[in-house]
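Novice: Chains as they are written, first to last, in the numbering used here: chain H, -9 to 201; chain B, 3 to 259. Ideal Cβ positions, reconstructed from N, Cα and C, are used throughout, including at glycine. The model shown is predicted, which means the values in this text are computed figures rather than measured ones.
#1: Give me the Cβ distance between residue 1 of chain B and residue 236 of chain B, rounded to the nearest whole Å; I'm assuming they're in contact under 8 angstroms.
#2: Enumerated in chain order, which unbroken segments of the alpha helix (DSSP H) with a length of 4 residues or greater are wholly contained in the segment 137 to 192 of chain H?
#3: Listing by chain order, which chain B residues have their CB less than 8 angstroms from the CB of residue 125 of chain H?
#4: To be precise: take each residue of the segment 73 to 93 of chain B, compare its Cβ to all Cβ atoms of chain H, and keep it if any distance is under 7 angstroms. Which residues remain?
#5: Mind checking if residue 80 of chain H is an interface residue toward chain B, Cβ cutoff 8 angstroms exclusive?
#6: Considering only C-alpha positions, which residue in the set H:90, H:5 and H:17 is nearest to residue 171 of chain H?
#7: Compare the C-beta of residue 154 of chain B against all C-beta atoms of chain H and say whether one is closer than 8 angstroms.
#8: Are the Cβ atoms of residue 53 of chain H and residue 87 of chain H separated by less than 8 angstroms?
#9: Could you check what DSSP says for residue 114 of chain H in three-state terms: helix, strand or coil?
#10: Would you say residue 6 of chain B faces chain H, with C-beta separation under 8 angstroms as the test?
#11: Would you list the residues sitting across from residue 16 of chain B in a DSSP beta bridge?
#12: Between the C-alpha atoms of residue 233 of chain B and residue 152 of chain H, what's the straight-line distance to the nearest angstrom?
#13: Going by DSSP, what residue range makes up the beta strand (DSSP E) through residue 90 of chain H?
#14: For residue 151 of chain B and residue 77 of chain H, I'd like the C-alpha separation in whole angstroms.
#15: Whole-angstrom Cβ separation of residue 5 of chain B and residue 115 of chain H, contact assumed at under 8 angstroms?
#16: Flag this pair as yes or no: are the beta carbons of residue 228 of chain B and residue 181 of chain H separated by less than 8 angstroms?
#17: Distance cutoff 8 angstroms, beta carbons only. Does residue 1 of chain B sit that close to anything in chain H?
#18: Taking CB distances under 8 angstroms as the criterion, tell me whether residue 0 of chain H reaches chain B.
#19: Just to confirm the assignment: which complete beta strand (DSSP E) runs, minimum length 3, are found wholly within the segment 216 to 257 of chain B?
#20: Measuring CA to CA, which of H:22, H:159 and H:191 is closest to residue 143 of chain H?
#21: Just checking: is the beta-carbon of residue 124 of chain B within a distance shorter than 8 angstroms of some beta-carbon in chain H?
#22: Select from B:89, B:133 and B:99 the residue whose C-alpha is nearest the C-alpha of residue 112 of chain B.
#23: Measuring from the CB of residue 217 of chain B, is there a heavy atom of the ligand SAM at a distance below 7 angstroms?
#24: Any beta-carbon of chain B closer than 8 angstroms to the one on residue 114 of chain H?
#25: In whole angstroms, what is the alpha-carbon distance linking residue 3 of chain H and residue 26 of chain H?
#26: With which residues is residue 179 of chain B paired in a DSSP beta bridge?
#27: Mind checking if residue 117 of chain H is an interface residue toward chain B, Cβ cutoff 8 angstroms exclusive?
#28: CB-CB under 7 angstroms to residue 182 of chain B, same chain, minus the five flanking residues each way: which ones, in chain order?
#29: Taking only three categories from DSSP, how would you classify residue 88 of chain B?
#30: With 8 angstroms set as the bound, which would you pick, yes or no: does the beta-carbon of residue 204 of chain B sit closer than that to a beta-carbon of chain H?
#31: Assuming residue 76 of chain B contacts residue 45 of chain B under a Cβ cut-off of 8 angstroms, what Cβ separation, rounded to an integer in Å, is found between them?
#32: Please identify the residue among H:146, H:184 and H:187 whose C-alpha is closest to the C-alpha of residue 167 of chain H.
#33: Check whether chain H comes within 8 angstroms of residue 43 of chain B, counting only Cβ atoms and requiring the distance to be less than that.
#34: Report the start-end ranges of each beta strand (DSSP E) in the segment 23 to 49 of chain H that is 3 residues or longer and not cut off at the edges.
#35: Quick test of your reading: residue 149 of chain B and residue 143 of chain B, contact by CB under 8 angstroms. State the CB separation rounded to the nearest angstrom.
#36: When Cβ atoms are compared, which residues of the segment 183 to 195 of chain H fall closer than 8 angstroms to chain B?
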């Protein structure tokens, strides 16, 4: 797990151990990341502080290295997913890593559903996720299973083809994306009980390909 | 599809032991918060709230240890409240594995703590707990004010205004407890619940007074709450979380079943 000093990583580590990870190392040391069989890029907090920490610790370079290694599975979670995009609306606009072209947009202050009912922001709680592609990480997870979300900004990839799953909250949003050896979730699998633990277990046996 | 409404069992914990009693069938240690939290996790609870009522400073180390243990085994969101007075308390609890921290009295004494905490840790993990009592007489327009010290000490602060202010300061969620109803089993105080859910854009958790499954449903359908918190009806095994969810779903409420 790439640790760039933003928040508690125990939850993700505990959940991975719970579903059978033999050893979880939390580190930002290039050697530890390079030697890992699979890499988790978590994230919590504001994007400005996250990006500053990622850059100052050289985690952007680390990510480039692991993402370019075919067959090395990478799982990005929440702000970790957002940090991979081109830029975010948060904190008056922040340039992100641009590893997945696209924007991170605010839900809006007057966010409503189609019927005009006001929707609260942050989007916090259990929402249904519908897979948008066949992917090994969705194995054993039914369409419409609920995962735990907590976010005020959402990812809009430039290439819709990378969207791996969607949620509905006034519009259809990107709940997960996948490309090559990367899988990224807006929701928190480590807090999503059965469905989330299934996804993490799938991650542990994933070979890092999208088929 | 919409967000599911949440059911949140609450554990009151004193020096690492659950108080108010728990009476699950087959539970080994009814006072062990870790075992009880694990039970609720397995039973399908949407979150767990851990309310630390330990008075002594020394006892708080026990709390941190308990939170660490719960976080290791519970894979749903965990909120920790009670005795949170400073940014350092929040950091300690988040590092121990809490997903959210609930601030109550300290927000009244120092509202800027909420602003600073939201800026530092993000609104998503800052819950402001509001304990209210109705202060208007029968026949008068309803007015509710904040009380501290378990409902004994008035503050003169009007509840709806306070909720709006806390939301503006960056609170990510409001935990609203009616001290008039707490422990009565008469149901949530729906008037103030509705007033606050209508006034703020952040989620509101209704608390205090649940005695039946209908009360849980009413908190959502009549009170407008996003989540319902209860202790005794679950602790004493009267109803399971699953039964509560099934009932609420039968009332037309979106639940995670």
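Specialist: Quick look at the numbers:
#1: The requested residue 1 of chain B does not occur in the structure, where chain B is confined to residues 3 to 259.
#2: You should have found no qualifying run.
#3: At a beta-carbon threshold of 8 angstroms, none of the residues of chain B lie near residue 125 of chain H; the nearest stands roughly 20 angstroms away.
#4: Of all residues in the segment 73 to 93 of chain B, only 73, 74, 77, 78 and 79 place a beta-carbon less than 7 angstroms from a beta-carbon of chain H.
#5: False, the Cβ-Cβ gap to chain B never drops below 8 angstroms.
#6: When H:90, H:5 and H:17 are compared, the shortest CA-CA separation from residue 171 of chain H is found for H:90.
#7: Judged by the 8 angstroms Cβ criterion, residue 154 of chain B is not in contact with chain H.
#8: Closer than 8 angstroms, so yes.
#9: Three-state result, residue 114 of chain H: strand.
#10: For residue 6 of chain B, the closest Cβ of chain H is nearer than 8 angstroms.
#11: Partner(s): B:19.
#12: Our two residues, residue 233 of chain B and residue 152 of chain H, have alpha carbons roughly 43 angstroms apart in a direct line.
#13: Where residue 90 of chain H is concerned, there is no enclosing beta strand (DSSP E), given that its DSSP letter is neither H nor E.
#14: One C-alpha to the other measures close to 46 angstroms.
#15: About 4 angstroms separates the CB atoms of residue 5 of chain B and residue 115 of chain H; that is less than 8 angstroms, so the two are in contact.
#16: With respect to the 8 angstroms criterion, residue 228 of chain B and residue 181 of chain H are not classified as neighbours on the basis of their beta carbons.
#17: Here chain B covers residues 3 to 259 and nothing more, so residue 1 of chain B does not appear.
#18: Residue 0 of chain H counts as touching chain B.
#19: Residue ranges of uninterrupted beta strand (DSSP E) with 3 or more members, entirely inside the segment 216 to 257 of chain B and ordered along the chain, are 229 to 232.
#20: The shortest C-alpha separation from residue 143 of chain H is found at H:159.
#21: So, interface residue.
#22: The residue with the shortest Cα to Cα distance from residue 112 of chain B is B:89.
#23: Of ligands this structure carries none, so the ligand SAM is not represented either.
#24: For residue 114 of chain H, the closest Cβ of chain B is nearer than 8 angstroms.
#25: C-alpha separation (whole angstroms): 14 angstroms.
#26: B:133 and B:209.
#27: It does: the Cβ of residue 117 of chain H has a partner Cβ on chain B nearer than 8 angstroms.
#28: Excluding sequence neighbours, residue 182 of chain B sits near 135, 136 and 191.
#29: Residue 88 of chain B falls in the coil class under three-state DSSP.
#30: Contact with chain H is found for residue 204 of chain B, since one of that chain's Cβ atoms lies less than 8 angstroms from the residue's Cβ.
#31: About 11 angstroms separates the CB atoms of residue 76 of chain B and residue 45 of chain B; that is not less than 8 angstroms, and the two are not in contact.
#32: Of H:146, H:184 and H:187, the residue nearest in Cα terms is H:146.
#33: True, the Cβ-Cβ gap to chain H drops below 8 angstroms.
#34: The beta strand (DSSP E) runs lying completely inside the segment 23 to 49 of chain H and spanning 3 residues or more are 29 to 31, given in chain order.
#35: Actually they do not touch by this definition, with Cβ atoms about 19 angstroms apart.
#36: From the segment 183 to 195 of chain H, only 183, 186 and 187 have a Cβ closer than 8 angstroms to chain B.
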